[in-house]
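Residues -29 to -1, 1 to 208 in mature numbering (1 follows the signal peptide of the UniProt record, and there is no 0) are what the sequence shown lists, from first letter to last. Glycine is no exception: its CB is placed at the ideal position from the N, C-alpha and C atoms. In this text the structure is predicted, and so the values were computed from the model without any measurement.
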Amino acid sequence: MPAMTFRRGLAAAILSFSVLGAGTVPAMAQGQAAVYDPQPPPDSAYIRFVNTLGEELAVRPAFLPAQRLGTKPEERVTQFAVAQRVGGRELTLEASAGRRTGRATLKLNPGSFNTILVQAQGDGGLEIKAIVDESEFNRARSRLSFYNAVPDCPTASALLAPSGPAVLEGVAPGTAKARSVNPVTAAIRAQCGSQAAPDFQISGLEAGGMYSIWLMRPDGKNLMSFISRDTTARWRG
(Lines of atoms letter the chains of each structure in order from A and count residues from 1; the text may use other names and numbers.)
(Lines give C-alpha, C1' and ligand atoms only; values in the text may rest on other atoms or scores of the structure.)
Protein backbone atom coordinates (compact mmCIF):
# COMPACT_ATOMS: atom_id res chain seq x y z
CA MET A 1 0.00 0.00 0.00
CA PRO A 2 1.44 3.40 -0.89
CA ALA A 3 2.48 5.45 2.13
CA MET A 4 0.02 8.26 1.34
CA THR A 5 -2.91 5.83 1.16
CA PHE A 6 -1.83 4.23 4.44
CA ARG A 7 -1.70 7.63 6.17
CA ARG A 8 -5.16 8.53 4.84
CA GLY A 9 -6.45 5.25 6.25
CA LEU A 10 -5.00 6.01 9.66
CA ALA A 11 -6.40 9.52 9.63
CA ALA A 12 -9.83 8.15 8.75
CA ALA A 13 -9.58 5.71 11.62
CA ILE A 14 -8.71 8.50 14.03
CA LEU A 15 -11.57 10.64 12.75
CA SER A 16 -13.91 7.71 13.44
CA PHE A 17 -13.00 7.77 17.16
CA SER A 18 -16.08 8.57 19.22
CA VAL A 19 -15.67 10.47 22.48
CA LEU A 20 -17.34 8.80 25.45
CA GLY A 21 -20.91 9.99 25.63
CA ALA A 22 -24.09 9.30 23.73
CA GLY A 23 -24.57 5.68 22.74
CA THR A 24 -22.20 4.29 25.35
CA VAL A 25 -23.02 1.73 28.01
CA PRO A 26 -21.54 1.15 31.48
CA ALA A 27 -19.41 -1.64 30.07
CA MET A 28 -16.17 -1.43 32.03
CA ALA A 29 -17.50 -3.17 35.11
CA GLN A 30 -19.44 -5.63 32.97
CA GLY A 31 -16.50 -6.40 30.71
CA GLN A 32 -13.90 -6.59 33.46
CA ALA A 33 -16.12 -8.56 35.83
CA ALA A 34 -17.35 -11.04 33.23
CA VAL A 35 -14.57 -13.49 34.13
CA TYR A 36 -15.51 -13.65 37.80
CA ASP A 37 -17.28 -16.67 39.27
CA PRO A 38 -18.67 -15.77 41.75
CA GLN A 39 -19.08 -12.01 41.37
CA PRO A 40 -17.43 -9.71 43.95
CA PRO A 41 -19.71 -8.25 46.63
CA PRO A 42 -21.62 -5.13 45.51
CA ASP A 43 -19.67 -2.89 47.92
CA SER A 44 -16.38 -3.67 46.15
CA ALA A 45 -14.19 -1.38 44.04
CA TYR A 46 -11.40 -2.11 41.58
CA ILE A 47 -7.90 -0.71 41.99
CA ARG A 48 -4.54 -0.91 40.21
CA PHE A 49 -1.12 0.58 40.92
CA VAL A 50 1.33 2.26 38.56
CA ASN A 51 5.07 2.73 39.04
CA THR A 52 6.17 6.01 37.40
CA LEU A 53 9.63 5.93 39.02
CA GLY A 54 13.10 5.05 37.79
CA GLU A 55 13.44 2.21 40.31
CA GLU A 56 11.50 -0.74 41.67
CA LEU A 57 8.44 0.13 43.74
CA ALA A 58 6.82 -1.74 46.63
CA VAL A 59 3.18 -1.03 47.50
CA ARG A 60 1.59 -2.25 50.72
CA PRO A 61 -2.17 -1.70 50.77
CA ALA A 62 -3.83 -2.50 54.09
CA PHE A 63 -6.70 -4.03 52.09
CA LEU A 64 -4.78 -6.15 49.54
CA PRO A 65 -1.59 -8.25 49.41
CA ALA A 66 1.68 -6.32 48.97
CA GLN A 67 3.05 -6.03 45.43
CA ARG A 68 6.33 -5.10 43.75
CA LEU A 69 6.40 -3.21 40.46
CA GLY A 70 9.44 -3.10 38.19
CA THR A 71 10.71 -0.60 35.65
CA LYS A 72 10.04 -2.41 32.37
CA PRO A 73 6.82 -1.28 30.66
CA GLU A 74 5.17 -4.65 31.29
CA GLU A 75 6.11 -4.44 34.99
CA ARG A 76 4.91 -0.92 35.74
CA VAL A 77 1.13 -1.44 35.79
CA THR A 78 -0.69 -4.03 37.88
CA GLN A 79 -3.98 -5.68 37.09
CA PHE A 80 -7.11 -4.23 38.61
CA ALA A 81 -7.75 -6.04 41.90
CA VAL A 82 -10.95 -6.22 43.91
CA ALA A 83 -11.03 -4.18 47.12
CA GLN A 84 -13.94 -5.26 49.31
CA ARG A 85 -16.15 -3.26 51.68
CA VAL A 86 -15.00 0.14 50.46
CA GLY A 87 -18.19 2.07 51.16
CA GLY A 88 -17.90 4.59 53.97
CA ARG A 89 -14.38 3.68 55.08
CA GLU A 90 -10.83 4.87 54.53
CA LEU A 91 -8.20 2.59 53.02
CA THR A 92 -4.53 3.08 53.83
CA LEU A 93 -1.66 2.53 51.42
CA GLU A 94 2.10 2.66 51.99
CA ALA A 95 4.72 2.74 49.23
CA SER A 96 8.51 2.65 49.12
CA ALA A 97 11.21 2.86 46.45
CA GLY A 98 14.82 2.91 47.60
CA ARG A 99 14.93 5.54 50.36
CA ARG A 100 11.71 7.19 49.25
CA THR A 101 8.50 6.44 51.14
CA GLY A 102 4.92 7.61 50.94
CA ARG A 103 1.59 7.00 52.61
CA ALA A 104 -1.97 7.82 51.58
CA THR A 105 -5.54 7.35 52.71
CA LEU A 106 -7.93 6.41 49.91
CA LYS A 107 -11.69 6.64 49.64
CA LEU A 108 -13.11 4.41 46.89
CA ASN A 109 -16.70 4.32 45.70
CA PRO A 110 -18.36 0.91 45.32
CA GLY A 111 -18.28 -0.25 41.71
CA SER A 112 -15.58 2.25 40.70
CA PHE A 113 -12.33 1.57 38.86
CA ASN A 114 -9.32 3.41 40.30
CA THR A 115 -5.76 3.91 39.05
CA ILE A 116 -3.14 4.83 41.66
CA LEU A 117 -0.05 6.64 40.38
CA VAL A 118 3.05 6.55 42.60
CA GLN A 119 5.31 9.49 41.73
CA ALA A 120 8.50 11.07 43.05
CA GLN A 121 8.24 14.23 45.15
CA GLY A 122 10.82 17.00 45.23
CA ASP A 123 11.35 16.53 48.97
CA GLY A 124 12.59 12.97 48.48
CA GLY A 125 9.27 11.33 49.28
CA LEU A 126 6.59 9.65 47.20
CA GLU A 127 3.29 11.15 46.11
CA ILE A 128 0.31 8.84 45.73
CA LYS A 129 -2.23 10.13 43.22
CA ALA A 130 -5.64 8.48 42.75
CA ILE A 131 -7.54 8.69 39.45
CA VAL A 132 -11.14 7.51 39.12
CA ASP A 133 -11.35 5.88 35.70
CA GLU A 134 -14.11 6.28 33.13
CA SER A 135 -16.49 3.32 33.29
CA GLU A 136 -18.49 3.76 30.08
CA PHE A 137 -17.55 3.10 26.48
CA ASN A 138 -18.84 1.61 23.23
CA ARG A 139 -18.20 -2.13 23.51
CA ALA A 140 -18.36 -2.54 19.74
CA ARG A 141 -15.03 -0.67 19.68
CA SER A 142 -11.80 -0.56 21.64
CA ARG A 143 -11.29 1.93 24.43
CA LEU A 144 -8.10 3.98 24.78
CA SER A 145 -7.26 5.90 27.95
CA PHE A 146 -4.33 8.33 28.09
CA TYR A 147 -2.68 9.08 31.46
CA ASN A 148 -0.44 12.08 32.09
CA ALA A 149 1.84 10.70 34.82
CA VAL A 150 4.34 13.59 34.59
CA PRO A 151 3.70 15.95 37.54
CA ASP A 152 5.32 18.99 35.88
CA CYS A 153 3.68 18.52 32.47
CA PRO A 154 0.81 21.04 32.34
CA THR A 155 -0.86 19.43 29.32
CA ALA A 156 -0.09 16.16 27.52
CA SER A 157 -1.21 14.83 24.16
CA ALA A 158 -1.12 11.56 22.24
CA LEU A 159 -1.19 11.78 18.47
CA LEU A 160 -0.53 9.79 15.34
CA ALA A 161 3.19 9.87 14.61
CA PRO A 162 4.86 11.84 13.31
CA SER A 163 2.61 14.91 13.25
CA GLY A 164 -1.00 14.10 14.07
CA PRO A 165 -3.95 14.19 14.12
CA ALA A 166 -4.43 14.06 17.89
CA VAL A 167 -5.86 10.95 19.48
CA LEU A 168 -6.26 12.43 22.97
CA GLU A 169 -5.06 15.88 24.00
CA GLY A 170 -5.20 18.46 26.76
CA VAL A 171 -4.60 15.96 29.56
CA ALA A 172 -3.63 17.66 32.82
CA PRO A 173 -1.02 16.12 35.16
CA GLY A 174 -2.34 13.30 37.32
CA THR A 175 -5.46 12.86 35.17
CA ALA A 176 -6.63 10.78 32.22
CA LYS A 177 -8.93 11.05 29.23
CA ALA A 178 -10.53 8.19 27.31
CA ARG A 179 -12.36 7.56 24.06
CA SER A 180 -13.57 4.68 21.92
CA VAL A 181 -11.87 3.79 18.64
CA ASN A 182 -12.23 1.28 15.87
CA PRO A 183 -9.36 -1.25 16.13
CA VAL A 184 -6.41 0.13 14.14
CA THR A 185 -2.66 -0.30 13.75
CA ALA A 186 -0.72 2.94 14.08
CA ALA A 187 2.39 4.62 15.46
CA ILE A 188 1.64 6.83 18.46
CA ARG A 189 3.63 9.77 19.80
CA ALA A 190 2.94 11.05 23.32
CA GLN A 191 4.27 14.47 24.19
CA CYS A 192 4.35 17.31 26.68
CA GLY A 193 4.55 20.61 24.85
CA SER A 194 7.45 20.38 22.40
CA GLN A 195 9.09 17.41 24.15
CA ALA A 196 8.04 13.97 22.92
CA ALA A 197 8.61 10.43 24.08
CA PRO A 198 9.86 7.86 21.54
CA ASP A 199 7.09 6.64 19.23
CA PHE A 200 5.52 3.25 19.86
CA GLN A 201 3.21 0.98 17.89
CA ILE A 202 -0.36 0.03 18.73
CA SER A 203 -1.75 -3.09 17.07
CA GLY A 204 -3.98 -6.03 17.85
CA LEU A 205 -6.68 -3.93 19.52
CA GLU A 206 -9.88 -5.90 20.03
CA ALA A 207 -13.50 -4.78 20.09
CA GLY A 208 -14.53 -4.50 23.72
CA GLY A 209 -10.89 -4.36 24.84
CA MET A 210 -9.63 -1.61 27.14
CA TYR A 211 -6.12 -0.18 26.76
CA SER A 212 -4.09 2.51 28.53
CA ILE A 213 -1.44 4.83 27.08
CA TRP A 214 1.04 6.12 29.67
CA LEU A 215 3.29 9.18 29.61
CA MET A 216 6.00 9.22 32.32
CA ARG A 217 9.38 10.74 33.12
CA PRO A 218 11.02 8.04 35.30
CA ASP A 219 14.52 9.54 35.34
CA GLY A 220 13.28 13.09 35.86
CA LYS A 221 14.54 14.15 32.42
CA ASN A 222 13.43 11.98 29.52
CA LEU A 223 9.85 11.14 28.62
CA MET A 224 8.76 7.57 28.01
CA SER A 225 5.43 6.26 26.76
CA PHE A 226 3.89 2.83 26.22
CA ILE A 227 0.55 1.06 25.99
CA SER A 228 -0.86 -1.67 28.23
CA ARG A 229 -4.06 -3.69 28.18
CA ASP A 230 -6.40 -3.24 31.13
CA THR A 231 -7.04 -6.55 32.88
CA THR A 232 -8.65 -7.57 36.15
CA ALA A 233 -7.33 -10.22 38.53
CA ARG A 234 -9.76 -13.06 39.12
CA TRP A 235 -11.67 -12.70 42.36
CA ARG A 236 -11.85 -15.95 44.30
CA GLY A 237 -14.06 -14.93 47.21
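- The DSSP-derived three-state label of Glu98 is strand.
- Taking a cut-off of 8 angstroms on C-beta distances, the stretch 93 to 106 does not touch the stretch 126 to 133, as fewer than three cross pairs fall below it.
- Out of Val21, Glu27 and Val152, the CA that lies nearest to the CA of Ala178 is found in Val152.
- Its Cα nearest to that of Met187, the residue Val142 stands out among Asp104, Val142, Leu64 and Pro133.
- The secondary-structure analysis by DSSP pairs Trp206 with nothing; it has no beta-bridge partner.
- For Asn193, the number of other beta carbons within 10 angstroms of its own is below 16, and it is reported as exposed.
- Runs of the alpha helix (DSSP H) lying entirely within the stretch 105 to 177 and spanning at least 4 residues: none are present.
- The C-beta distance from Tyr182 to Arg205 rounds to 20 angstroms, too long to fall under 8 angstroms, and the pair is not in contact.
- Glu61 sits in coil when the DSSP states are folded into three classes, being neither helix nor strand.
- By the Cβ test, the stretch 48 to 64 is in contact with the stretch 19 to 38, since at least three Cβ pairs between them sit closer than 8 angstroms.
- According to the DSSP secondary-structure assignment, Thr86 is paired through a beta bridge with Arg19 and Ile102.
- Spatial neighbours of Pro154 in its own chain (CB-CB distance under 6 angstroms, excluding positions within 5 residues in sequence) are listed in chain order as Ser113 and Leu176.
- Partner residues in the beta bridge of Leu186, as assigned by DSSP, are Asn119 and Ser196.
- For Ala54, the enclosing beta strand (DSSP E) covers residues Ala52 to Ala54.
- The secondary-structure analysis by DSSP pairs Gly73 across a beta bridge with Ala66.
- Beta-bridge annotation (DSSP): Gln38 is paired with Val30.
- Ranked by how close their Cα comes to the Cα of Glu45, the residues Asn119, Thr23 and Pro122 have Thr23 in first place.
- Taken atom to atom, the span from the alpha-carbon of Thr72 to that of Phe171 is near 32 angstroms.
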